[in-house]
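A quick write-up on the structure given underneath.
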Ligand code: UD1
Ligand code: CA
């Protein structure tokens with residue numbers, strides 16, 4: 087249920103230096119979707135559309151990845167720290183007219199909608215000035231250390247670099263998860279008091295806690311124990327750990343729903359993929375995007391599928407690569423099939439090894455079994471495309487179409503120079519280069535005649 091008392095601000099402006107990437111860290115992917123995608127997905131059920139996002143380093147890449155959030159990005163031109171990011175977003179937060187703002191680091195992709203919902207419910211109940219989530223991981227890494235007084239009340243968050251045992255006492259192991267709920271009216275007075283007098287020379291959002299406690303405000307921290315779901319991701323190693331946890335969860339969900347997975351630990355399935363019970367998948371393989379795999383389909387190892395539909399009883403053999411393809415019921419693809427965007431296979435059609443299709447429809451029961459390119463084409467039902475057939479669709483400037491009727495037989499090693507129409511029931515002789523239309527029922531042969539000449543041998 088959408089919570090009406092809070093808006094959200096996602097902090098996604100930082101470079102992510104520890105990731106050693108030229109693109110913003112928050113666009114690094116887990117199971118084919120970006121960190122930021124997961125954060126937004128966790129927020130939307132509780133916060134609806136009132137989600138603002140701070141962008142800075144590589145802002146254009148982030149904005150391009152989420153066009154639907156277009157009006158709710160706020161630019162932090164210089165990245166001077168998380169506190170500065172909050173300051174940059176403050177006007178938009180106030181304009182939302184909400185009482186609270188949930189602020190979350192964009193590098194916390196494993197957080198679930200339930201965590202967000204529970205946290206907001208606790209804030210709604212207790213009405214603190216500031217509340218934030220803490221964890222107690224096995225290794226506190228570089229996370230901000232939480233300090234409490236003798237009565238267990240939170241006193242501050244001290245960044246790891248600035249933590250001084252002599253000053254702050256022995257660390258408790260409780261650290262800040264980077265998820266806060268701020269009462270907008272209360273925090274307003276603290277914002278301008280943030281400074282960068284610390285080891286990083288940055289404005290820290292975490293200093294709000296210390297400042298609020300000093301003013302006698304009500305600050306609460308919700309400890310969620312040792313949960314990997316709330317860990318921020320800063321390095322390739324942490325990203326791999328998080329992805330591995332997600333992959334395992336996804337595989338368990340599929341197995342429990344009735345999908346058979348062989349070599350299951352190496353089956354990678356994205357969060358938006360739908361796989362029906364009764365499907366068989368052999369790892370290693372990757373299935374991403376909005377792919378749908380229907381009951382009875384078989385997917386062999388080393389297959390990569392993105393945004394495609396695999397219908398009932400279809401069989402995708404090893405090493406095939408599919409993107410935006412539509413594979414009909416009982417079809418066969420591969421091994422080593424390549425279906426590019428717009429490839430459509432009607433019921434029972436067959437694509438064999440080293441066959442590439444792009445914007446092409448293969449009719450019901452039609453076959454292209456070996457070494458073929460079909461681009462910008464329509465192939466009728468029952469037609470057989472011989473080995474080595476090429477639709478020559480590109481003249482250097484424009485793409486042209488090849489249309490082949492039903493029950494045709496295209497001999498091996500045929501070049502079909504588009505635009506060209508090949509009628510139904512036609513036969514094209516092997517090795518032909520077809521530049522003119524062929525009418526229904528005709529035989530076309532277009533190749534140099536064979537000449538056999540007796541050899542003469544010199545006597546030595
Ligand atoms: C931050 C917290 C730390 C906490 C940890 C949890 C601070 C000062 N520290 O540390 O207490 O334990 O998260 O994961 O906040 N960002 C901006 N603009 C900036 C800088 C950062 O938008 O100028 C964004 C980043 O893109 C990132 C998020 O803020 O998504 C957190 O920044 P990061 O540098 O990862 O903070 P940590 O060092 O992990
Ligand atoms: Ca971080």
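In the numbering used here, the protein residues as written are 87 to 546. Note that beta-carbon positions come from the ideal geometry of N, C-alpha and C, so glycine has one too.
So, for residue i: in the same chain, excluding its five sequence neighbours on each side, which residues have a beta-carbon less than 8 Å away from its beta-carbon?
i	result
residue 427	409, 410, 411, 444 and 445
residue 312	221, 222, 223 and 224
Between residue i and the rest of its own chain, which residues show a CB-CB distance below 6 Å, the 5 nearest in sequence each way excluded?
i	result
residue 501	476, 478 and 519
residue 418	401 and 436
residue 358	376
residue 449	432, 465, 466 and 467
residue 266	189 and 218
residue 396	379, 383 and 413
residue 366	346 and 384
residue 492	466, 467, 468 and 510
residue 94	129, 133, 137 and 188
Answer yes or no: do residue i and residue j have a C-beta to C-beta separation smaller than 8 Å?
i	j	result
residue 91	residue 181	no
residue 307	residue 218	yes
residue 490	residue 469	yes
residue 515	residue 537	no
residue 179	residue 305	no
residue 288	residue 281	no
residue 214	residue 121	no
residue 486	residue 523	no
residue 101	residue 165	yes
Return yes when at least one heavy atom of ligand 2 lies under 7 Å from the C-beta of residue i, else no.
i	result
residue 318	yes
residue 262	no
Which residues in the same chain have their Cβ closer than 7 Å to the Cβ of residue i, if we skip the five residues on either side of it in sequence?
i	result
residue 279	297
residue 174	140, 160 and 162
residue 513	495 and 529
residue 503	478, 519, 520 and 521
Mind checking whether the beta-carbon of residue i lies closer than 7 Å to any heavy atom of ligand 1?
i	result
residue 249	no
residue 146	no
residue 372	no
residue 166	yes
residue 274	no
residue 349	no
residue 324	no
residue 193	yes
residue 410	no
residue 205	no
residue 292	yes
Per DSSP, residue i forms a beta bridge with which residues?
i	result
residue 375	None, per the DSSP bridge assignment.
residue 503	478
residue 360	378
residue 302	BP columns for residue 302 are empty, so no partner.
residue 439	456
residue 348	368
residue 486	BP columns for residue 486 are empty, so no partner.
Whether or not the segment 105-116 and the segment 140-154 are in contact is what I'm after, with contact meaning three or more pairs of Cβ atoms, one per stretch, closer than 8 Å; do they touch?
Output reads yes: the segment 105-116 touches the segment 140-154.
Any 3 or more C-beta pairs closer than 8 Å across the segment 166-173 and the segment 126-134
The way I'd put it, the segment 166-173 doesn't touch the segment 126-134; fewer than three beta-carbon pairs between them come closer than 8 Å.
So, does the segment 310-328 touch the segment 341-357, judging by three or more C-beta pairs under 8 Å?
no
The segment 269-278 / the segment 224-237 touching (three or more Cβ pairs under 8 Å)
no
Do the segment 243-256 and the segment 204-216 touch if we need at least three Cβ pairs shorter than 8 Å?
no
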